[in-house]
Every structure is written in structure tokens, then in C-alpha cells.
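Chains X, A and H, in that order, give the protein sequences. Residue numbers for the first sequence follow numbering that gives the first Met the number 0, beginning at 0 and rising by one. Residue numbers for the second sequence follow numbering that gives the first Met the number 0, beginning at 0 and rising by one. Residue numbers for the third sequence follow numbering that gives the first Met the number 0, beginning at 0 and rising by one. Ideal Cβ positions, reconstructed from N, Cα and C, are used throughout, including at glycine. Note that the structure is predicted; figures quoted are calculated from it, not measured. Structure first, commentary second.
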Amino acid sequence: MSVTPQDTASGPLPLRVKRFRRPRRNLAIPPLRGLLPLIIGLVLWQVLSHGQSAYYPRPSLWWEGIEHEWQSGALKPAIEATLKSFLLALVISTVLGTLLGILIGRARRVDRALGPFLEFCRFLPAAAVVPIAVLAAGYTEKMKIFVVVFAGIWPILLQVRSSVRSQSPLLLDVARSLHLSRERTLRQVMLPSLVPSIMLGLRVAAPIILVVVLLVEIVTQVQGIGSLISTAQKTFDAATAYGLLAIVGVIGIAVNALLAALEGWLLRYRPDGS
Amino acid sequence: MEEKVTVAAPGAKAADSAIFACLGLGIEFDTPNGPHRVLDAVDLSVAPGEFVSIVGQSGTGKSTLLRILGGLERPAAGSSVRHRGQEVTEPPEGVLMVFQDYRGSLLPWRTVEKNVMLGIEKSTSGAERKERCQEALELVGLADRANDHPWRLSGGMQQRVQIARSLAMRPEVLLMDEPFGALDAMTKEQLQDELLSVHAATGATIVFVTHDIEEAIYLSDRVLVLAGAPARVTEELTIELPRPRDQMRTKELPDYLRLRQTAYTALRGSGAGGH
Amino acid sequence: MATEAVPQPRPARRSRHVRVPLNVSGILFLLGLAAVWQLAMSTGLLTSSFLPEPWEIGKSIGDLTGSGELTSNLWHTVYVTLVGWALAGLIGVAFGLAIGLYSKVWRYSMASTEFLRALPGIAFVPVAVLLYGFSVKMELIVVTYVSIWPVLVNTVHGVRQVTVLHDDVARMLRMSRLERIRRFTIPTTAPYVAVGLQVSLSLSLALALVAEMVGNPTGVGQALIVAQNTFHPEEMFAYVIVIGFVGVLLNWAFVKMIERGFPGTLSLDGEQR
Chain X
0 MSVTPQDTAS GPLPLRVKRF RRPRRNLAIP PLRGLLPLII GLVLWQVLSH GQSAYYPRPS
60 LWWEGIEHEW QSGALKPAIE ATLKSFLLAL VISTVLGTLL GILIGRARRV DRALGPFLEF
120 CRFLPAAAVV PIAVLAAGYT EKMKIFVVVF AGIWPILLQV RSSVRSQSPL LLDVARSLHL
180 SRERTLRQVM LPSLVPSIML GLRVAAPIIL VVVLLVEIVT QVQGIGSLIS TAQKTFDAAT
240 AYGLLAIVGV IGIAVNALLA ALEGWLLRYR PDGS
Chain A
0 MEEKVTVAAP GAKAADSAIF ACLGLGIEFD TPNGPHRVLD AVDLSVAPGE FVSIVGQSGT
60 GKSTLLRILG GLERPAAGSS VRHRGQEVTE PPEGVLMVFQ DYRGSLLPWR TVEKNVMLGI
120 EKSTSGAERK ERCQEALELV GLADRANDHP WRLSGGMQQR VQIARSLAMR PEVLLMDEPF
180 GALDAMTKEQ LQDELLSVHA ATGATIVFVT HDIEEAIYLS DRVLVLAGAP ARVTEELTIE
240 LPRPRDQMRT KELPDYLRLR QTAYTALRGS GAGGH
Chain H
0 MATEAVPQPR PARRSRHVRV PLNVSGILFL LGLAAVWQLA MSTGLLTSSF LPEPWEIGKS
60 IGDLTGSGEL TSNLWHTVYV TLVGWALAGL IGVAFGLAIG LYSKVWRYSM ASTEFLRALP
120 GIAFVPVAVL LYGFSVKMEL IVVTYVSIWP VLVNTVHGVR QVTVLHDDVA RMLRMSRLER
180 IRRFTIPTTA PYVAVGLQVS LSLSLALALV AEMVGNPTGV GQALIVAQNT FHPEEMFAYV
240 IVIGFVGVLL NWAFVKMIER GFPGTLSLDG EQR
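Structure (C-alpha cells):
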């Protein structure tokens with residue numbers, strides 16, 4: 000990136016300065032022009048796709064497929080179902096994950112005893128839990144939430160546990176020295192100090208939760224976007240399937256962006272954003 | 000002359016009037032190599048309103064001693080630690096600790112004002128709380144930074160916030176664990192003088208731990224030298240320098256120099272560093 | 000099985016940690032849990048339409064292994080997982096390096112990458128079934144596609160950690176491009192790539208299972224669905240426990256492998272750094 004003559008008050012700079020490179024920076028948000036490949040890809044697809052390709056329909060056909068779903072009254076409730084499950088599971092995972100993380104983090108012996116069991120549960124693929132949940136609770140919302148929470152709780156639990164374990168004893172000393180009650184210590188000192196790690200766990204857990212919600216919907220056909228995609232697959236309606244994929248993509252991006260904003264707001268007292 | 004803010008309970012019985020009385024105080028910690036005795040046979044007492052410093056080399060156990068006085072550590076069996084005649088088993092009422100790591104002891108998500116309020120929230124009403132906060136902040140000269148977050152303040156200012164937080168609780172005793180150790184020389188001197196004026200204004204008892212002998216002599220009425228392994232009080236110096244103290248003039252007095260020499264010798268003479 | 004790092008002993012307040020190579024209390028807990036479960040069901044204290052008794056599960060594992068069913072299903076799933084993962088690793092690292100090393104490429108492609116990454120890969124499974132039918136090919140494509148992203152993103156991030164300072168030092172020491180890559184880029188990037196690979200390994204297993212449950216009549220995923228539909232909960236649990244162990248084992252094996260080359264890089268606990 001060269002320095003243009005207007006940059007200096009006194010005329011153009013000598014040649015050697017013109018070769019100055021801007022140092023590489025880790026930008027938080029990549030430049031929007033990075034969307035170009037995607038956009039170009041879609042445009043090319045639209046233009047080059049000929050006739051009624053069953054497997055690779057044009058993007059415009061996706062829109063038609065989606066519109067049709069909307070008209071038939073299937074899309075809106077499906078989106079609502081997915082989002083509702085997502086939010087519910089998110090809240091439950093956060094609360095449970097934080098509570099368990101604190102409990103396990105504080106009690107060394109419990110931590111060790113539960114260790115292998117937690118490891119096992121953590122690495123158990125969510126898909127494997129689905130059949131069990133179905134046998135136990137049938138094809139219901141409750142079953143869906145159970146599977147999703149089972150999968151989504153780990154990032155938060157582990158992060159909180161780690162944070163509690165490595166917590167500097169200083170803040171607790173301060174609380175004792177100031178004669179704060181146990182309840183106040185927990186509420187006013189310990190929990191706020193855990194907010195950064197809860198947020199970190201949450202940012203990792205949210206995409207997982209979204210994925211598992213869709214997973215359950217695809218595998219069990221309970222109401223939601225996933226089940227619509229599954230139906231589109233079975234009826235060989237590729238256009239609608241792609242369209243639904245796009246919707247899912249938008250939801251994914253929105254979730255990430257909202258969480259990033261939430262983190263920024265919650266941690267606004269930290270100048271370095273750490 | 001500022002009005003004295005009364006803190007100490009007046010007219011206590013002579014036998015129980017010592018703020019702290021330690022007899023045969025010892026403590027040991029578990030390590031993989033077996034129990035390690037850090038303090039042994041420490042006897043000391045602190046009178047109300049006194050400014051007492053404890054000096055020693057790094058690692059002797061000064062902080063541990065302070066933490067025992069503050070009820071944050073339990074001493075070994077056979078030790079006696081009394082606060083106003085009562086055995087210390089948990090942080091005693093009216094005794095507050097000021098930690099060396101000021102940044103870590105302030106809550107970053109609270110403003111300066113709310114940080115200062117932390118200790119008094121349960122016991123006072125809204126109006127009184129604000130008043131005490133204001134008073135404490137004025138005592139340390141940070142009244143105008145009440146609504147800032149700690150990260151905006153310099154190290155010295157953050158340490159003052161911590162002190163203000165203790166002052167808001169109107170403590171009888173302040174236990175200070177190398178509070179100025181992490182600050183640069185100029186800020187240190189500034190805070191030393193501020194601490195002296197707080198001491199004069201409130202009449203609180205102060206037990207001050209430091210490895211800086213000059214600081215100890217400059218600030219205190221008495222200096223206790225802690226040395227040896229396990230550590231004990233090897234020397235006790237009574238500082239009869241005139242108050243109010245002054246950074247330039249006090250340090251030029253022949254008495255000051257004599258005390259300094261005695262202290263250094265005591266520290267160096269009693270064993271090659273207390274580890 | 001959690002080989003937890005022993006905290007450094009310090010002259011501190013708590014009692015010292017005894018160095019045990021085996022997590023005795025952990026194993027006791029698992030055994031105790033199984034024992035209580037079995038007892039509760041044997042005595043009729045606990046009855047359930049879907050929960051089998053532990054010994055039934057054990058017997059089922061024995062039967063399935065004996066008949067060869069378990070082994071063949073397991074082998075299929077693990078095979079697809081590892082092949083897909085390896086492919087994803089290669090592609091992810093290759094593209095990750097390209098995007099990370101050349102800022103121009105990064106500027107003109109990172110946003111797209113972020114978008115595609117945010118798109119939940121699971122949604123591609125039905126699409127893949129539509130396009131490629133019920134086949135191993137479909138399974139592999141799904142596993143590979145989804146597993147690329149953690150590796151790619153982490154590689155990009157790792158490469159970009161090679162700071163300007165490293166650049167300056169390398170230039171000052173007049174290092175050739177190749178030397179610079181060997182001495183700075185690779186050691187800095189490697190841990191990030193390792194973490195990406197670790198994450199995508201779990202992902203590969205998960206996606207293989209889903210693909211099998213939705214569209215490929217072989218493998219553990221399919222066996223789980225069959226067991227569910229024919230109402231054989233003991234078979235189901237048998238498979239769940241086996242695949243659970245496989246998941247833990249794969250992760251452990253990978254971490255051990257990496258530890259030899261780059262100690263301290265990965266944590267078994269999954270803590271984010």
C-alpha cells in the first residue's frame with residue numbers, strides 16, 4: 000500500500016517511502032470484499048445453470064422454493080420451532096453449565112471422581128444420544144431439548160470449571176477480609192468474575208447448540224427447519240433444500256454476531272477486551 | 000487541623016486494650032518435603048492507634064504473619080493470637096486488610112465509587128453509604144474519579160481506591176501487606192505521606208508489612224524485624240522521630256540515620272536471608 | 000481416564016496432591032454407578048421401558064462382537080471418520096496456509112469463509128443424500144466438508160500469529176523464504192493446526208454417525224436406528240457405550256501423538272486458550 004502524495008504537506012515523498020507496507024494486522028472483522036468469491040459463485044451458478052437441473056438448481060429457483068414453503072404455511076412455524084428450541088437450550092445450557100462448572104471446579108475430589116464419566120459424556124457424539132432420548136421421551140420437544148443440552152453444556156461447563164480452578168485466591172481473600180457473607184461473595188464477587196469465561200464458553204456452545212437442534216430435527220423429523228430440509232431431500236426438491244440451507248446460514252451468522260455484540264457489551268469495563 | 004474521625008472504641012480495659020497480642024505464634028505449611036515451619040515463637044503486641052511496621056527479607060513470612068493477624072490463616076497449635084482479648088479464628092470485626100496486588104483486589108466491573116462501597120453495602124443505608132464513600136475518597140484525594148472504572152486509573156490511584164474501600168468501613172485496624180511495593184518511587188512517597196495524614200486524621204491502628212527499611216522507619220512508631228528460618232522477631236526499634244514526618248527533613252535527622260543503621264545491621268546480621 | 004495434570008505443589012494451605020497415575024476415584028465412581036444401576040433394576044426398585052440392565056448391555060456387547068456385527072459396523076464408522084478427517088486436514092491446512100500467508104487472498108476470501116463456516120454443516124447432510132444417494136461416497140463427502148472448517152480457520156489464525164516482529168527479525172537475519180517458514184511460520188502455526196485437527200476429529204465422528212443415521216445403511220449410526228426401531232434398548236446402549244469409548248480413545252490417541260512433537264500444546268480438558 001503506497002503512500003500517496005496527498006499524505007504529506009510538502010509534496011510527494013521519495014521513492015523508498017512509497018514501498019512501505021502496512022504491517023499485517025489481525026482484523027476482528029474481515030473486509031467485506033471477502034464476500035466476493037461467494038457472490039461471484041452464486042452469480043455464475045445463476046447464469047450458467049441451464050434448464051431444470053435436478054441437482055444443482057439456480058439460486059433464483061431457491062427463492063421460489065422458499066416462497067412456496069412460506070405460502071404453504073410450513074416455513075414460519077418451522078423457523079419458530081427451531082429458534083425457540085435454540086434459545087431454550089441456550090439458556091438451560093448456560094445456567095446448568097455455569098452451576099455445574101462452579102460446583103465441580105470448587106470440589107477437587109468430586110472433580111476427580113466425576114472425571115472419566117464427564118470425559119465420556121463430553122466426547123459422546125450427540126447423534127448417538129438421539130435414539131436413547133427417543134426411546135425415553137418419544138418424538139417430542141422435551142426429547143430435543145434434552146439431547147441439545149446434553150451436547151451444548153460442555154463448552155460452558157469446562158470453561159467455568161477451568162476458570163474456577165485457576166481463580167486467584169486474592170478476590171476471595173478480599174471478600175473474607177471485608178466480611179462479606181457467603182451469598183454476597185458468590186453473587187457480587189465470584190459470579191461477575193466468571194462472566195468472561197461464561198461468555199467464552201457460550202460463544203463456543205452456541206454454534207454447537209444450533210447444529211444439534213438441526214441434527215435432531217433432521218434425524219427424528221420433529222418440527223423445525225431441519226425436518227423441512229429432510230422432507231425436501233425425500234421429495235427430491237433440491238431448490239427448496241438449498242434455499243433452506245441459505246436461511247440456516249443466515250441464522251448461524253446472526254447468532255455469532257449477536258453473541259459477539261453481547262460479549263462486547265457485558266465486558267465493556269475491560270479496555271483490552273480480554 | 001482536620002477533625003478527628005473517631006474510630007477506636009474508647010476506654011477498653013488495660014489487659015484487653017492491646018489491639019493485637021501474639022504469644023508463641025507459629026505456623027507451618029505442608030509441602031512435598033514434609034511440613035515447613037515458617038514462623039516460630041513470635042511474640043508481639045500492638046497498642047491502639049500505633050503505627051507498627053514489620054520488616055524482613057522476601058520470603059521470611061511477614062505476609063503470612065499479617066494474614067494470621069487478619070484471620071485469613073490459622074496458626075499452629077500452641078499459638079495464641081488475640082485481638083482485643085479474643086482469640087482470632089476468622090477475620091475480626093474492625094480489622095481490614097489492604098493487599099499488595101491492588102489491581103487484583105479491585106472489582107473491574109465496578110466503578111471506583113462502587114468498589115469503595117463494597118464493604119459497607121450490607122450495613123448502611125443508601126444515603127449514609129454515599130456519604131461514607133465520599134468521605135473515604137476525599138481522604139485519599141480521589142473524589143473526582145468516583146465514576147471511573149479501575150482500569151482508567153494509574154497504579155497509585157488504584158491502590159488508593161483499595162485504601163479508601165477500607166476507610167469507608169471505619170476500621171479500627173488496617174493491616175497493610177506491602178501496599179506500595181509495586182509502585183514507582185515518586186508515587187510511593189506521595190502515598191506514604193497520604194497514609195500518614197490518614198493515620199493522623201482517623202487514629203486507626205496500622206500494622207504495615209514491607210521489605211523497605213527506610214519506608215518502615217519513616218512511617219512508624221515501632222519497627223519489628225522479622226528474620227531467621229523459621230522466622231521470629233529478632234529486633235524491635237522504637238521510632239521517636241517527631242511527627243508530622245517529612246520526606247526531606249525527617250530523613251536527614253541523625254536519629255533517623257542511627258535507626259536505619261541499626262535496622263540494616265539487624266536484618267543482615269540475623270542469618271543469611273530467611274527463606 | 001482423564002489424565003489430569005497434577006498441580007505444582009507449593010507451600011500452600013491445602014493438603015498436598017498425591018501423584019496418582021491412575022484416577023482411582025474416577026474408576027470407582029463409574030463402577031459404583033453401574034453397580035447401583037444394576038442393583039436398582041434387579042430388585043425392582045427401578046423399572047423402565049427403555050433403560051436396560053447393565054449386565055444385559057454387557058451381554059449384548061459380547062453377543063454383537065461374537066457375531067461380528069459390532070466389529071464390522073464399528074470398523075466402517077471409524078474408517079469413514081479417519082479418512083474424512085485426514086482429507087479434511089490436508090485440504091484445510093492447504094487452503095488455510097494459502098489464505099493466511101497471502102494478505103491479498105485473505106482480504107478477498109475470509110468473509111466468505113466465515114460465512115460458510117457459520118453455516119451449520121449438519122444441514123448439508125440431507126442435501127448430500129439428495130445429491131449422492133445412500134452411499135459411502137455421501138458419508139465421506141459430508142464428513143470431509145464439515146471437518147475442513149475448524150482446521151482451515153485455525154490454520155489461518157495460526158499463520159497470522161506470525162507477527163511483524165518475526166518478519167523483521169527474519170529479514171534482518173537475511174533468511175531465505177524457506178528458512179523463514181521453517182523457523183518461524185511452522186512452529187508458530189503448528190499448535191493452532193493441532194487444535195483445529197483435534198476439534199475436527201470429534202466432528203468427523205459425529206458427522207459420520209449422522210450420515211449413517213440418515214442415509215447410509217451401514218455403520219454404527221445405522222445400527223443405532225435399527226436397534227431403536229426394533230426396540231432393543233440393550234443393543235442400543237451397547238453401541239452407545241462402545242462409540243463413546245471410541246470417541247474418547249480417538250481424542251486421547253491424537254493428543255498423545257501431538258504431545259510427542261509439541262508438548263503442552265493441547266489440553267485434554269478442552270479448555271479454550
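message = Tell me the DSSP secondary structure of Phe235 (chain X) in three-state form.
response = For this step, residue 235 (chain X) is matched to residue 236 along the first sequence. Correct three-state label for Phe235 (chain X): coil.
task = Express the C-alpha separation of Arg36 (chain A) and Gly260 (chain H) in angstroms, rounding to a whole number.
result = One-based indexing of the third sequence puts residue 260 (chain H) at position 261. One-based indexing of the second sequence puts residue 36 (chain A) at position 37. Taking the straight line joining both Cα atoms gives about 42 Å.
inquiry  = Do Ala205 (chain X) and Leu129 (chain H) count as a contact pair if the criterion is CB distance below 8 Å?
reply    = Position 130 of the third sequence, counted from the first residue, corresponds to residue 129 (chain H). Position 206 of the first sequence, counted from the first residue, corresponds to residue 205 (chain X). No, the pair does not count as a contact, with Cβ atoms beyond the cut-off.
Cβ contact (3+ pairs, closer than 8 Å) linking the region 67-83 of chain H and the region 169-181 of chain X = no
ask   = Thr96 (chain A) CB to nearest chain X CB: under 8 Å?
value = Mapped onto the second sequence, residue 96 (chain A) falls at position 97. Note that residue 96 (chain A) corresponds to Met in the displayed sequence, not to Thr. True, the Cβ-Cβ gap to chain X drops below 8 Å.
query = By the criterion of Cβ-Cβ separation under 7 Å, what are the contact partners of His148 (chain A) in chain X?
reply = To locate residue 148 (chain A), count along the second sequence from 1; it is residue 149. Correct list: Tyr268.
query = Mind pulling the chain X residues with CB within less than 8 Å of Leu71 (chain A)?
reply = The residue labelled residue 71 (chain A) in the question sits at position 72 within the second sequence. What Leu71 (chain A) touches in chain X: Asp172, Arg175 and Ser176.
message = Once DSSP output is grouped into helix, strand and coil, what is the label at Ala17 (chain A)?
response = Counted from its first residue, the second sequence places residue 17 (chain A) at position 18. Reduced to three states, the DSSP call for Ala17 (chain A) is coil.
inquiry  = Could you tell me the alpha carbon to alpha carbon distance between Pro178 (chain A) and Phe50 (chain A), rounded to whole angstroms?
reply    = The residue labelled residue 178 (chain A) in the question sits at position 179 within the second sequence. The residue labelled residue 50 (chain A) in the question sits at position 51 within the second sequence. Approximately 15 Å between the Cα atoms of the pair.
message = Check for me: the alpha helix (DSSP H) holding Arg202 (chain X) runs from which residue to which?
response = As a position in the first sequence, residue 202 (chain X) is number 203, starting the count at 1. Taken as a continuous stretch (DSSP letters only), the alpha helix (DSSP H) holding Arg202 (chain X) covers Leu190 to Thr219.
query = How is the alpha helix (DSSP H) around Gly163 (chain X) delimited, first residue to last?
reply = Reading the first sequence from its first residue, position 164 is the one you call residue 163 (chain X). One point to set straight first is that residue 163 (chain X) is Val, not Gly, in the sequence displayed. Residues Glu140 to Arg164.
ask   = Tell me, which residues are paired with Glu27 (chain A) by DSSP?
value = For the purposes of this step, residue 27 (chain A) is taken as the residue at position 28 of the second sequence. Bridge partners of Glu27 (chain A): A:Arg36.
message = I'd like to know whether the C-beta of Ser71 (chain H) is nearer than 8 Å to at least one C-beta of chain X.
response = As a working mapping, residue 71 (chain H) is identified with position 72 in the third sequence. By this cut-off, Ser71 (chain H) is not an interface position.
ask   = In its own chain, which residues sit with a C-beta less than 7 Å from the C-beta of Leu22 (chain A), not counting the 5 before and 5 after it?
value = Translated into the one-based positions of the second sequence, residue 22 (chain A) becomes position 23. Asp42 and Ser79.
request  = Return the CA-CA distance between Leu279 (chain A) and Val222 (chain A), expressed in angstroms with no decimal places.
outcome  = It is not possible to answer for residue 279 (chain A), since the shown part of chain A is limited to 0 through 274.
Continuous beta strand (DSSP E) stretch holding Phe207 (chain A): start and end = Here residue 207 (chain A) corresponds to residue number 208 of the second sequence, with the count starting at 1. Segment Thr204 to Thr209, the beta strand (DSSP E) holding Phe207 (chain A).
query = Who pairs with Leu175 (chain A) in a beta bridge, going by DSSP?
reply = For the purposes of this step, residue 175 (chain A) is taken as residue 176 along the second sequence, with counting starting at 1. A small fix is needed here, since residue 175 (chain A) is Met in this sequence, not Leu. Answer by DSSP bridge pairing, in chain order: A:Val97 and A:Phe207.
request  = Say whether chain H places a C-beta atom closer than 8 Å to the C-beta of Leu82 (chain X).
outcome  = By 1-based counting over the first sequence, the position of residue 82 (chain X) is 83. Taking Cβ atoms only, chain H never reaches closer than 8 Å to Leu82 (chain X), which makes this a no.
ask   = If you draw a straight line from the C-alpha of Gln227 (chain H) to the C-alpha of Met137 (chain H), how long is it?
value = Working through the third sequence from its first residue, we reach residue 227 (chain H) at position 228. Working through the third sequence from its first residue, we reach residue 137 (chain H) at position 138. Using only the alpha carbons, I get a separation of about 23 Å.
query = In terms of alpha-carbon separation, which member of H:Ser48, H:Asn22 and H:Ser41 lies closest to Phe230 (chain H)?
reply = Here residue 230 (chain H) corresponds to residue number 231 of the third sequence, with the count starting at 1. If we check each option's Cα against that of Phe230 (chain H), H:Ser48 comes out closest.
task = Sort X:Met189, X:Phe149, X:Phe235 and X:Ile78 by Cα distance to Gly251 (chain X) and report the nearest one.
result = As a working mapping, residue 251 (chain X) is identified with position 252 in the first sequence. Ranking X:Met189, X:Phe149, X:Phe235 and X:Ile78 by Cα distance to Gly251 (chain X) puts X:Ile78 first.
ask   = Is it true that the region 74-88 of chain X meets the region 259-269 of chain A, where meeting means three or more beta-carbon pairs spaced less than 8 Å apart?
value = no
inquiry  = Residues of chain X with CB closer than 7 Å to the CB of Leu223 (chain H), please, in chain order.
reply    = On the third sequence, position 224 is the one that residue 223 (chain H) refers to. Those within 7 Å of Leu223 (chain H) in chain X are Ala127 and Pro130.
request  = Alpha carbon to alpha carbon, how far is Leu87 (chain X) from Leu99 (chain X)? Give it in angstroms, no decimals.
outcome  = Indexing the first sequence from 1 puts residue 99 (chain X) at position 100. Indexing the first sequence from 1 puts residue 87 (chain X) at position 88. Leu99 (chain X) and Leu87 (chain X): Cα-Cα distance of roughly 18 Å.
task = Please report the residue range of the alpha helix (DSSP H) in which Glu127 (chain A) lies.
result = Locating residue 127 (chain A) in the second sequence gives position 128, where the first residue counts as 1. First-last of the alpha helix (DSSP H) with Glu127 (chain A): Gly125 to Val139.
message = So for Phe50 (chain A), helix, strand or coil by DSSP?
response = Reading the second sequence from its first residue, position 51 is the one you call residue 50 (chain A). Phe50 (chain A): strand per DSSP, three-state reduction.
query = In chain order, what residues of the same chain lie with their CB nearer than 7 Å to the CB of Gln157 (chain A), ignoring the 5 residues before and after it?
reply = Here residue 157 (chain A) refers to the residue found at position 158 when the second sequence is read from its first residue. The answer, listed in chain order, is Tyr101, Arg102, Leu105 and Pro149.
message = On the DSSP letters alone, give me the boundaries of the alpha helix (DSSP H) that Thr97 (chain X) sits inside.
response = In the first sequence, counting from the first residue as 1, residue 97 (chain X) sits at position 98. Leu74 to Arg105 is the span of the alpha helix (DSSP H), which, as asked, contains Thr97 (chain X).
message = With a threshold of 8 Å, are at least 3 pairs of Cβ atoms found where one atom belongs to the region 151-168 of chain X and the other to the region 89-97 of chain X?
response = yes
request  = Tell me whether Tyr217 (chain A) is buried or exposed, calling it buried when 16 or more other Cβ atoms sit within 10 Å of its Cβ.
outcome  = Translated into the one-based positions of the second sequence, residue 217 (chain A) becomes position 218. Under this definition Tyr217 (chain A) is a buried residue.
query = Mind checking Ile98 (chain H): buried by the 16 CB within 10 Å criterion, or exposed?
reply = Reading the third sequence from its first residue, position 99 is the one you call residue 98 (chain H). So Ile98 (chain H) counts as buried.
request  = With DSSP as the reference, please indicate the residues paired to Thr237 (chain A) in a beta bridge.
outcome  = Locating residue 237 (chain A) in the second sequence gives position 238, where the first residue counts as 1. Paired residue(s): A:Arg221.
request  = Look up His231 (chain H) in the DSSP assignment and say whether it is helix, strand or coil.
outcome  = For the purposes of this step, residue 231 (chain H) is taken as the residue at position 232 of the third sequence. Coil at His231 (chain H), not helix or strand.
key: Delimiting residues of the alpha helix (DSSP H) encompassing Arg159 (chain H)   = If you number the third sequence from 1, residue 159 (chain H) lands on position 160. Per DSSP, Arg159 (chain H) belongs to the alpha helix (DSSP H) from Val135 to Arg159.
ask   = Along the chain, where does the beta strand (DSSP E) that runs through Arg81 (chain A) open and close?
value = Working through the second sequence from its first residue, we reach residue 81 (chain A) at position 82. Ser79 to His82 is the span of the beta strand (DSSP E), which, as asked, contains Arg81 (chain A).
query = Of the residues that make up the region 227-238 of chain X, which ones have a beta carbon closer than 9 Å to any beta carbon in chain H?
reply = Ile228, Ser229, Thr230, Ala231, Gln232, Lys233, Phe235, Asp236 and Ala237
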